[in-house]
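Take 89 as the starting number for the sequence shown in my numbering and just add one per residue.
All C-beta atoms in this analysis are idealised placements derived from N, C-alpha and C, irrespective of residue type, glycine included.
Notes follow once the structure below has been shown.
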Amino acid sequence: MDSYLIRGGKRLYGTVTAQASKNATLPLLAASVLTEEPVGLRHVPDIADVRNMTRILQGLGCKVSWQGDTLTVDSACADTCRVPRELSKELRSSVFLLGSILSRFGCAKVSYPGGCDIGLRPIDLHIKGLKALGVIIREEGDALHCDGSNMHCGDVMLDFPSVGATENIMLAACKLRGETVVRNAAKEPEIVDLQNFINALGGRVSGAGTDTVRIEGVKHLHGISYSPLPDRIAVGTYLLACAVCGGKMCVEGCIPEHIYALLIKLRESACKIEWKNDKIYIEQNARPQSVHITETAPYPGFPTDLQSQFLTLASVSEGTGIIVENIFETRYKHVAELIKMGANIRIKDRIAIVRGVKELHGAMVEAHDLRGGAALVLAGLNARGVTALHGVRHIDRGYERLEEVFQSLGADISRKTVKE
Ligand code: UD1
C-alpha cells in the first residue's frame with residue numbers, strides 16, 4: 089500500500105521527457121494478438137495497466153518479455169480465447185481484446201471489465217458494433233461469450249464516438265474479408281496510432297483521425313517493432329503542475345497539437361506558454377487567473393482525462409471558474425479531498441463551480457482514481473505544509489514513477505511503502 093508524502097510550496101524548474109502513451113500502448117498490446125509473429129513495442133512505460141495487460145496476454149498463451157523499455161509479445165503459442173475473470177476485472181482495456189481475440193480465434197470469453205471508478209462505463213457500443221460484424225454474443229452473469237464463427241465485414245454507426253468501441257471494431261475487422269466502415273468514430277490521436285500500427289503490421293486501415301474509419305480486411309499480418317505515441321495526458325499533467333506551483337519547465341518528446349485545447353486554456357490562465365516541434369515551454373511567475381468555463385469533450389475538445397488536474401489549477405486561481413464534465417458521470421470523486429485541503433468547490437451534477445483560494449494546505453487525503461489521484465498530487469505540491477496521499481496504486485496505473493518526475497523538477501515528494 090504505497091502513499092506519497094509531499095511537502096508543498098516549491099516552484100518547479102527543469103526539463104522532463106514525455107512517457108509513451110498508456111492509452112495508445114494498451115490497444116497496441118491487444119493488437120499484437122492479431123499476428124503470430126513477434127511484435128516489439130519500444131519505450132513502453134512501466135505502469136500497472138501495462139503490466140496487467142501483459143498478464144492477460146500471458147493468460148492467452150502469449151510469450152511476453154521486457155528488454156529495457158522494449159516489450160515484445162510473441163503470440164505464436166496463444167491457445168485460448170478466454171480472458172481469466174480476475175484479470176478482466178483489473179483492467180477496462182481487457183474489453184479491447186474482444187476484437188483481437190475474435191479475429192484470432194473466432195471466439196472470445198471475457199468478463200465485464202474493471203478500470204477507473206469514474207462512472208458507469210458500459211460496453212453497449214462495443215457489443216452493438218461487434219454484433220454488426222456478425223458476432224453472436226451471449227451474456228451469462230458478468231461473463232460475455234462471443235461466437236465469431238460467422239463474422240463478416242459491416243457498417244457500424246456508433247451512437248457516441250467511443251474511443252474503446254472504435255478501437256475494438258478496428259481490431260475485430262482487420263482480417264475480415266471486404267471493407268468495414270466505422271461512422272461517428274472517435275478521432276483521438278490514439279486511434280490514429282492504432283491505424284498506423286495495424287498498417288505497419290500489413291493491414292489496410294484509413295480515415296483514423298476523422299469521423300469515418302475504413303478497414304479493409306487482409307489475410308495476413310506480420311510482426312514489427314513500433315514506438316507508441318507520447319502520452320498527451322501525462323504531458324498535460326506536468327504542464328498543469330507548473331501552472332499550479334509556479335516555475336519554469338520544458339516538456340520534450342511530445343506532440344503539442346495533441347493537447348492544443350489545454351495549451352489555450354493555460355494561456356487564458358495567464359501562463360506564458362510556447363511550443364515548437366516536440367517541445368512545450370511553460371513559465372508561471374504570478375498567481376494563475378481563473379478560466380471562465382471549461383467543458384470536456386471528445387478530441388479535439390478538452391480531454392476528460394485532464395479535467396481533474398485542471399480543477400486543481402482552478403482551485404488556486406484568482407477568480408471563479410466553471411468546469412463541466414460531459415464524458416463521464418462521476419469524475420469529481422477527488423473534490424471532497426481537495427476541499428479537505430482548503431479548496432472552495434461546489435458540485436452540481438456534472439458542473440463544478442470553483443472559487444479560487446490563495447493557497448491550499450496539507451492534509452491526509454486518498455486517491456480514488458488515476459487522474460483524480462494526479463490532481464491530488466498537484467494540490468499537494470502547491471499546498472502549505474505536509475500532504476499524505478494514500479491510494480498511490482491508482483496513480484501507478486498510468487504514470488511511470490510520477491514522484492521521480494516531480495523530484496527532478498525540485499519538488500519535495502517521496503513514496504512510502506507499507507507492507508500489507
Ligand atoms: C478511453 C480512455 C480513457 C478516456 C476515455 C475518453 C483508454 C484505455 N482509455 O476510455 O482514458 O477517459 O477514452 O477519452 O484509452 N460509453 C458507452 N458505451 C460504450 C462505451 C462507452 O456508453 O460501449 C460511454 C462511456 O460510459 C463514457 C463515454 O462513452 O461516458 C466515453 O467512453 P469511451 O470513449 O469509450 O472511453 P474508453 O474507451 O473507456
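- By the Cβ neighbour-count rule, Glu227 is exposed, with fewer than 16 other Cβ atoms within 10 Å of its own.
- With a cutoff of 8 Å on beta-carbon distance, Leu264 and Cys241 are scored as near each other.
- Our two residues, Ile435 and Arg143, have alpha carbons roughly 38 Å apart in a direct line.
- Residue environment: Val453 is assigned as buried (16 or more neighbouring CB atoms within 10 Å of its CB, all protein chains considered).
- The beta carbon of Lys151 sits closer than 6 Å to the beta carbons of Asp162 from its chain, once the five residues preceding and following it are set aside; these are given in chain order.
- In this structure, the alpha-carbon of Ser199 lies about 29 Å from that of Asn284.
- Lys197 and Thr400 have their C-alpha atoms some 40 Å from each other.
- Annotation for Glu178: the continuous alpha helix (DSSP H) segment containing it runs Arg173 to Glu178.
- In this structure, the ligand UD1 has a non-hydrogen atom nearer than 7 Å to the beta-carbon of Asn111.
- Placement of the Cβ of Ile347 at a distance of 7 Å or more from every heavy atom of the ligand UD1 is found.
- Taking non-hydrogen atoms of the ligand UD1 into account, the C-beta of Phe248 is found less than 7 Å away from one of them.
- Only residues of its own chain outside the window of five on either side were considered, and among them Phe390, Val412 and Asn414 have a CB closer than 7 Å to the CB of Glu383, listed in chain order.
- Around the beta-carbon of Gly252, 16 or more other beta-carbon atoms lie within 10 Å, marking it buried.
- Going by C-alpha positions, Glu371 is about 11 Å away from Ala329.
- Cβ neighbours of Val104 within its own chain (closer than 8 Å, five residues either side excluded): Tyr326, Met337, Cys338, Val339, Glu340, Val493, Ser496 and Leu497.
- For Lys421, the closest alpha carbon among the candidates Leu458, Pro388, Gly450 and Leu448 is that of Leu458.
- Here Gly460 carries a helix assignment [DSSP, helix/strand/coil].
- For Arg292, the pairing in a beta bridge is given by DSSP as Glu304.
- Pairwise C-beta distances place the region 308-328 in contact with the region 95-114, as three or more of them are shorter than 8 Å.
- When DSSP states are grouped into helix, strand and coil, Asn432 belongs to the strand group.
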